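>
Number of protein chains: 8
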Amino acid sequence: IRQGMSEVVFCEGKTEQQVLKIFERMIEKGEVNIIGTRASKELYEYLKENLKGDIDYYEAARIVCAKRVEVKKNPKGHVAVVSAGTADLKVAEEAAIILEILGNNVKRVYDVGVAGIHRLFSHLDEIQSANVIVAVAGMEGALASVVAGLVSKPVIAVPTSVGYGANFKGLSALLTMLNSCANGVAVVNIDNGFGAAVVAHMINSLANGNL
Amino acid sequence: IRQGMSEVVFCEGKTEQQVLKIFERMIEKGEVNIIGTRASKELYEYLKENLKGDIDYYEAARIVCAKRVEVKKNPKGHVAVVSAGTADLKVAEEAAIILEILGNNVKRVYDVGVAGIHRLFSHLDEIQSANVIVAVAGMEGALASVVAGLVSKPVIAVPTSVGYGANFKGLSALLTMLNSCANGVAVVNIDNGFGAAVVAHMINSLANGNL
Amino acid sequence: IRQGMSEVVFCEGKTEQQVLKIFERMIEKGEVNIIGTRASKELYEYLKENLKGDIDYYEAARIVCAKRVEVKKNPKGHVAVVSAGTADLKVAEEAAIILEILGNNVKRVYDVGVAGIHRLFSHLDEIQSANVIVAVAGMEGALASVVAGLVSKPVIAVPTSVGYGANFKGLSALLTMLNSCANGVAVVNIDNGFGAAVVAHMINSLANGNL
Amino acid sequence: IRQGMSEVVFCEGKTEQQVLKIFERMIEKGEVNIIGTRASKELYEYLKENLKGDIDYYEAARIVCAKRVEVKKNPKGHVAVVSAGTADLKVAEEAAIILEILGNNVKRVYDVGVAGIHRLFSHLDEIQSANVIVAVAGMEGALASVVAGLVSKPVIAVPTSVGYGANFKGLSALLTMLNSCANGVAVVNIDNGFGAAVVAHMINSLANGNL
Amino acid sequence: IRQGMSEVVFCEGKTEQQVLKIFERMIEKGEVNIIGTRASKELYEYLKENLKGDIDYYEAARIVCAKRVEVKKNPKGHVAVVSAGTADLKVAEEAAIILEILGNNVKRVYDVGVAGIHRLFSHLDEIQSANVIVAVAGMEGALASVVAGLVSKPVIAVPTSVGYGANFKGLSALLTMLNSCANGVAVVNIDNGFGAAVVAHMINSLANGNL
Amino acid sequence: IRQGMSEVVFCEGKTEQQVLKIFERMIEKGEVNIIGTRASKELYEYLKENLKGDIDYYEAARIVCAKRVEVKKNPKGHVAVVSAGTADLKVAEEAAIILEILGNNVKRVYDVGVAGIHRLFSHLDEIQSANVIVAVAGMEGALASVVAGLVSKPVIAVPTSVGYGANFKGLSALLTMLNSCANGVAVVNIDNGFGAAVVAHMINSLANGNL
Amino acid sequence: IRQGMSEVVFCEGKTEQQVLKIFERMIEKGEVNIIGTRASKELYEYLKENLKGDIDYYEAARIVCAKRVEVKKNPKGHVAVVSAGTADLKVAEEAAIILEILGNNVKRVYDVGVAGIHRLFSHLDEIQSANVIVAVAGMEGALASVVAGLVSKPVIAVPTSVGYGANFKGLSALLTMLNSCANGVAVVNIDNGFGAAVVAHMINSLANGNL
Amino acid sequence: IRQGMSEVVFCEGKTEQQVLKIFERMIEKGEVNIIGTRASKELYEYLKENLKGDIDYYEAARIVCAKRVEVKKNPKGHVAVVSAGTADLKVAEEAAIILEILGNNVKRVYDVGVAGIHRLFSHLDEIQSANVIVAVAGMEGALASVVAGLVSKPVIAVPTSVGYGANFKGLSALLTMLNSCANGVAVVNIDNGFGAAVVAHMINSLANGNL
Ligand SMILES: Nc1ncnc2c1ncn2[C@@H]1O[C@H](COP(=O)(O)O)[C@@H](O)[C@H]1O
Ligand SMILES: Nc1ncnc2c1ncn2[C@@H]1O[C@H](COP(=O)(O)O)[C@@H](O)[C@H]1O
Ligand SMILES: Nc1ncnc2c1ncn2[C@@H]1O[C@H](COP(=O)(O)O)[C@@H](O)[C@H]1O
Ligand SMILES: Nc1ncnc2c1ncn2[C@@H]1O[C@H](COP(=O)(O)O)[C@@H](O)[C@H]1O
Ligand SMILES: [Mg+2]
Ligand SMILES: [Mg+2]
Ligand SMILES: [Mg+2]
Ligand SMILES: [Mg+2]
Ligand SMILES: [Mg+2]
Ligand SMILES: [Mg+2]
Ligand SMILES: [Mg+2]
Ligand SMILES: [Mg+2]
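Protein chains in written order, with the numbering used here: chain G, 1 to 211; chain V, 212 to 422; chain E, 423 to 633; chain X, 634 to 844; chain R, 845 to 1055; chain C, 1056 to 1266; chain A, 1267 to 1477; chain L, 1478 to 1688.
Here's what the structure looks like:
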């Protein structure tokens, strides 16, 4: 992205003033679209009031987006975003919204953790027909392996920090995903829905002849 | 066990002479049956030659057993021993043989790792009808969660040290199993097939009115 | 549970509105009884006001329960819940209350840590006569080993995060329990009183011919 | 792979007899091509003597391959395999050979670690024109970030266990790659050249309309 | 320093009263200049009001300084302080300000992380002509290696705690820097801009014939 | 010791020639008694042949000792050395022999691990009447807590590396002992029977008015 | 203690009401003196108002003490409490006050960290003449080794959580102390001034013929 | 170095043939002097026989050196290499020999660990008069802090993997050195005598006006 046509700002740990200034500087430099991740509703409202032009907010994903030009679409096929538990939702949505902003069709398959594996099987079609799958799971993170065992497309796995005790803030899910005995799994950092979306977007663009 | 009617010796790291002496002393003390785990074939041959009375060897399980009296059987139901990959076999067999020596019916369901989940589903009956399941898996250890999600019986999970890199000698599978989001999973030490068998034996005995 | 007749919600990290909505949806779906763990008193009061029908609160256990139908009892025998220090109480109570809601007789043996081992010995009867023991301990977690050395029933060990410094938020007790040299110990996640209760309930049900 | 048209055997820790048996069973089942990774020269010679039909050996990559049918080629574009130091070569070759066996054009750009960054820049063309890049590095693993900062294609990063001391057998490079501040990086397990190749093959196949 | 002509106080975790008392006691003892690191603006204002004589505040660096005498300058050459991301700024400024207070010429080269490596190359002159470089980076910390590969002067690397997930509060950058395959890198503690500045000051003083 | 009247050499990792030379040099310098720990039988035989004067070997403790003068005895009371399993014996003996060489009465209470706690209780007298107790245990290391709960004298705890899996080479027992909820426990390094003996010797000497 | 004549309550994490109730119950049971550690000033004031009889507060040590009877003194010799930095003071004071309450003479030697080792040497007499030394240090924790190298008495080392970054909340000082190459060092948990005091009190009592 | 006038080869893990080939290729490319670190005596003898021209071996340092041209000397001042125990010698010698090959005067101050701190003090002159100090220590690694507290020059600290148990292969010394509360310490990787030598050489060259 940074190296492409949108610029992305990691808002966590920055003041509202700092984020505003970064957005303004980028718009001046002629950046096409500017996305802010880990953005609170308060930040959004501050930007809306102070920034010239439109700005959108995706609450569940904690994303703000100042869209200035149209992006190139990836019309062929879709990216499936699969997630395990309700607490993993905000990471899954971070991935899904970034993917949509970048022009991809997204199919969400949420709450299909391995404890209720039948729910996963009832959505197999949407998953198997995707060009690439983003698999988001915390706790023991087994979802990525199960999904990868069922498809022949690349699976970008996102461990989340959801859990407690021997979860060690996501370490458990991270190790699970790195050790997947199913083929076709590559992993990004804990809670990094954004990073997974970028890789998945690149893959879907390649599949669409767009990269 | 130790506190019950069989005595179990952990042979790894002991010399043949030491193991022999321990076996002899126990037989003298009137111990009923003596089991040795982590026993090499060489150790078995040494014991066979030097110990009074019969001794059996279970090669895949690395177990020697000097059976002296009959054990109380658990005739009702069975224990399912489920394992993921071929490299997990020796831990699974350690559990299975201990269970059989202690008088339990065992159904082995091997090589049903999540990368080929259909193999697991084709053995669902044997797993769901068990009184208790021992689930053995290395790498990412997702098998325990998947199995526990499909049954309503206790699952005793055994992480194995099978894997490399970010597996950290079984830590990955251990954390996965401790963080299982499926209900009914309890965990023993890495590679501890014996320990899982003892717990499963106790549970099956309770189900048989034998404890 | 999830797979059985009660549904359990992990309330920590969810808003009051979210928990209410989940409870309502489950009641609609005809779920029999709905349990919420890690529930604050505030959450309970919010639910009491807004949910149709009765709801109970178990303060020490931090559990809310919307009971709708009677559960199948386990009349034979009991489950012993043993705990080490006063700070371990809330995890022990989480286990005990879940066990009682699921229909088990529970005997509590609290504050019997190994620093005052005579207290443990004065309750040996209640522990040895149980079908299964839940052993809850933080700090060094030695209680599980000591108990398992004294009984021939399965011990479900729950490490707690009680302690400081080299305790590493429960890691110390967790490792202690996984390495127990006494037989018959299986372990659940740090502070997971709920998980231990589910396994113990399954075992007691098997002993009662109820599973 | 497993789920596709080739079957892959992880040979490390298996006896020659076990590997032979697995190869024979797979050929019987009609598997098209069988690949063995982490195969010693001795194993290769044993298989050559005992297995019906041809078998190839790629020494630097430690791979044996019993090719039985032609694979579908990915004629458009190539995969770049980039590696840092000479000690990383065997992991890089594992990736490169797997990619070639699966029908991809591979461009090797070796020994371009960040300590001599000019060597990397003199091969920028081959890297930037690839559909996907496999970046292999041990020690501090900075190569993946540097490469990802220079291209707009997905980078599959493989940390290696090359290093000593605070390298902790590859942990250092693994964490570096997971924390990459450059976009488009996804990571596989330490030393897992094979796993990276499978993901890269899937991506290149999507770019070729082959998946 | 402590052993030299300035005394430095680590203010974090001390009350305003405690810091004041320490400053007063040192001034009495005839200490020349007193520096306080990790000082909030509130602390500065408290000291300004209550301490006899002047006191300066460097907000971005979180440093207070009660300058009482002139320091010996290092007129020849400069120290380059290089940093990766905006979030690393406060650590970089801690280093830069300490260096300036101690009498060194400092050139700041900020926001030159490896994701946008061209920015680094456009400042190569300032970096290569320095006597010593302080390289500050969080996330994966690759900057230190890249810089050391481009210069023949010592690089004092400061990992920062900037990042999340598998960053483990700076561990990732710390390991990266310790494992640098480029020559001439030595490392200080996570976020220890002050410590790096002291080492760099000593080196620059040696180059100036001042130590 | 080093600072006192005996000199101790850690023999592991040194060649026979190096150890010989160190012993000779010390004897020349007039050191009274020279002890070598972690000494193999081969090393002992080499020293016996090549060193002037007598040398003793304690096989179970892996200790060589070139005694040259009499040590001051601690006639009052004794030190109890308590150990858990047979595999802990060599560390326990290292402690016991060092204590005896330094002039202390030692009572050995071995194989009293918590899995068979009655064995511990049948030796309570010897333990409670000691001036100081050295408690040696691997696996989960619970012995130190149990012993400290039963006595009012200092307990010097020695974790051993006995165990496997989640034992992490003694880390489990080490953490257990550091987190002991019983009073009066202080801990030395994993497998450091020697270090515990020195501390216990100092304490017993103080109790005897000898230090 | 617990097993002796005073009872000690760990107040952190308990409500004022809970602590009051524990104190009252103990006084009823006829406990002689009751000590509360990790007690805030607020807690002290609450107890003072609500508890029958006198209660003292030691602010720097965060200790409350309801003294009811006189303790047996250790008149011969003293215990030295040595500490490194100002931030270690509260742990050092916890040790010193507990020692004094238990009847020991205490000599405090504070702020003698190894960065200013001359300060340590100017107090050598007080340290070398003690019966036992409590050495308290955070950061790198080198003080314990340096002190133990200078005395022939037991050193009870207390690592503190003072530090940041690669200190990992006291792990650094803990490991340093466990690995001390000086003889006579035994270690307690991070920040456990209380635990060190109990061991030191036992040793001093033995030296006084009081145990 | 790599970037300078000598090329350094890390020989560990390379075959004799591979090292020979690298040396030959470098000599052809006109590299001035070629150094091999971690070289066994066997490797040296192989190179001596097969390489054109002279080659030297430094056994204690495990270094081979094919010197072809004279290096620029650093005539002013010296580098002090200070080490703690005899087992640290090979790392200290690696540093010392590299420094000498690069043209520096080196003063070795060995076996001055903190357990016998008087030995350190008797060499204070050689240490305080150096331009830069390389401090090598394993176990608890306290030497670096003690030295840095006594001098006002930069200290390059090298933790070694000497130790056992809670040493965790050098982690203990590494953390100690990173957390040093003395000023002027910068750290290199565990056992990296070479890396420390390069940094120290750069600093000494700056002090000599040679860089
Ligand atoms: N949620 C996120 N997780 C990880 N990286 C992100 C995230 N959001 C933005 N980034 C990256 O962080 C960079 C911006 O960081 P900064 O300069 O601190 O705003 C962008 O180039 C993105 O690649
Ligand atoms: N205290 C608890 N600890 C661990 N797991 C729990 C706990 N309470 C509920 N659960 C599990 O978490 C699941 C619900 O998670 P959620 O969907 O996030 O509410 C249930 O199916 C339970 O199995
Ligand atoms: N500061 C402290 N650090 C460690 N242990 C303590 C401390 N204060 C009290 N204790 C121990 O904790 C026990 C009381 O714990 P509790 O029952 O939770 O109040 C006492 O028996 C003491 O041995
Ligand atoms: N003992 C050593 N420790 C760390 N790095 C070294 C050592 N010896 C050589 N090196 C570095 O390793 C590089 C050579 O690595 P290689 O290409 O694997 O031979 C050289 O440029 C040196 O900077
Ligand atoms: Mg797949
Ligand atoms: Mg289930
Ligand atoms: Mg038992
Ligand atoms: Mg890129
Ligand atoms: Mg350089
Ligand atoms: Mg006691
Ligand atoms: Mg001493
Ligand atoms: Mg200094």
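For every residue, glycine included, the Cβ atom is placed at its ideal position computed from N, Cα and C.
These figures come from a predicted structure and were not determined experimentally.
Could you check whether Leu807 (chain X) and Pro792 (chain X) sit closer than 7 Å to each other, using their CB atoms as the reference points?
Yes, they are a contact pair.
> Any beta-carbon of chain R closer than 7 Å to the one on Ile1574 (chain L)?
For Ile1574 (chain L), the answer is no, since every Cβ of chain R falls outside 7 Å of its Cβ.
> Check His967 (chain R) in the structure and name its three-state DSSP category.
His967 (chain R): coil per DSSP, three-state reduction.
> Could you tell me which residues DSSP puts in a beta bridge with Thr37 (chain G)?
Its beta-bridge partners are G:Phe10.
> Buried or exposed: Thr809 (chain X), going by 16 or more other Cβ atoms within 10 Å of its Cβ?
Looking at its Cβ environment, which holds 16 or more other Cβ atoms inside 10 Å, Thr809 (chain X) is buried.
> In the DSSP assignment, what are the bridge partners of Tyr479 (chain E)?
For Tyr479 (chain E), which the question treats as bridged, DSSP gives the partners E:Val486.
> Output yes if chain G places a C-beta closer than 7 Å to the C-beta of Asn589 (chain E); else output no.
So no, Asn589 (chain E) is outside the interface.
> Using the three-state DSSP reduction, which class does Lys1584 (chain L) fall into: helix, strand or coil?
DSSP places Lys1584 (chain L) in strand when its eight states are reduced to three.
> Let me make sure I understand the geometry here. Which of C:Val1161, C:Phe1078, C:Arg1093, C:Ala1262 has the alpha-carbon closest to that of Ser1061 (chain C)?
Nearest of C:Val1161, C:Phe1078, C:Arg1093, C:Ala1262 to Ser1061 (chain C), Cα basis: C:Phe1078.
> Give me, in chain order, the residues of the same chain whose beta-carbon lies closer than 7 Å to that of Ile203 (chain G); leave out the 5 immediate sequence neighbours on both sides.
Answer for Ile203 (chain G): Asn131, Val132, Pro154, listed in chain order.
> My guess is that Asp955 (chain R) and Ser973 (chain R) are in contact by the Cβ rule of under 8 Å, so how many angstroms apart are they, rounded?
With a Cβ gap of about 20 Å, Asp955 (chain R) and Ser973 (chain R) do not count as contacting.
> Taking the beta carbon of His1256 (chain C) as the centre, do at least 16 other beta carbons fall within 10 Å, making it buried, or is it exposed?
Result: buried.
> Please list the residues of the region 1435-1447 of chain A that have a C-beta atom closer than 9 Å to any C-beta atom in chain E, keeping them in chain order.
Cβ contacts with chain E: Lys1435, Gly1436, Leu1437, Leu1440.
> So, helix, strand or coil for Asn1681 (chain L), using DSSP?
Asn1681 (chain L) falls in the helix class under three-state DSSP.
> Can you tell me whether Gly1343 (chain A) is helix, strand or coil according to DSSP?
Gly1343 (chain A) falls in the strand class under three-state DSSP.
> Arg1374 (chain A) to Gly1640 (chain L), Cα distance in whole Å?
Cα to Cα, Arg1374 (chain A) sits roughly 32 Å from Gly1640 (chain L).
> Identify each residue in the region 772-795 of chain X for which the Cβ-Cβ distance to at least one residue of chain G is less than 9 Å, and report them in chain order.
Flagged, chain order: Ala781, Gly782, Leu783, Val784, Ser785, Lys786, Pro787, Val788, Ile789, Ala790.
> Taking the CB atoms as reference points, tell me whether Ala1251 (chain C) and Ile1211 (chain C) lie closer together than 7 Å.
Yes.
> Please report how far the alpha carbon of Ser356 (chain V) lies from the alpha carbon of Val410 (chain V), in whole angstroms.
Approximately 18 Å between the Cα atoms of the pair.
> Give a yes or no on whether the minimum CB-CB distance between Ile1188 (chain C) and chain D is below 7 Å.
In the displayed structure, chain D is absent; the protein chains listed are G, V, E, X, R, C, A and L.
> Identify, in the order they occur along the chain, each residue of the same chain with its Cβ nearer than 6 Å to the Cβ of Tyr1099 (chain C), setting aside the five sequence neighbours on each side.
Once the five neighbours on either side are set aside, the close Cβ partners of Tyr1099 (chain C) are Tyr1112, Val1119.
> Pick out the complete beta strand (DSSP E) segments inside the region 149-207 of chain G, 3 residues or longer, and give them in chain order.
You should have 155-159, 185-187.
> Does the CB of Asn1082 (chain C) have a neighbour CB from chain L at under 7 Å?
Correcting the residue identity first, residue 1082 (chain C) is Ile in this sequence and not Asn. Chain L, which has no Cβ nearer than 7 Å to the Cβ of Ile1082 (chain C), makes this no.
> If Val747 (chain X) and Ala1026 (chain R) are in contact, beta carbons under 8 Å, what's the gap, nearest whole angstrom?
Indeed, because the Cβ distance is near 7 Å, the residues count as touching under 8 Å.
> Hey, could you find the ends of the beta strand (DSSP E) Val134 (chain G) is sitting in?
Unbroken beta strand (DSSP E) run through Val134 (chain G): 132-137.
> Who does Val1348 (chain A) pair with in a DSSP beta bridge?
Paired residues: A:Val1375, A:Ala1401.
> Can you find the residues in the same chain that come closer than 6 Å, C-beta to C-beta, to Gly1319 (chain A), ignoring five residues on each side of it along the sequence?
Answer for Gly1319 (chain A): no residue qualifies.
> Taking Gly817 (chain X) as the query, report the chain G residues whose CB atoms sit under 7 Å from its CB, ordered along the chain.
Ordered by position in chain G, the residues that pass the 7 Å Cβ test against Gly817 (chain X) are Val198, Val199, Met202.
> Can you list, in chain order, the residues of the region 76-93 of chain G whose Cβ is nearer than 8 Å to any Cβ on chain V?
The residues in question are Ala84, Gly85.
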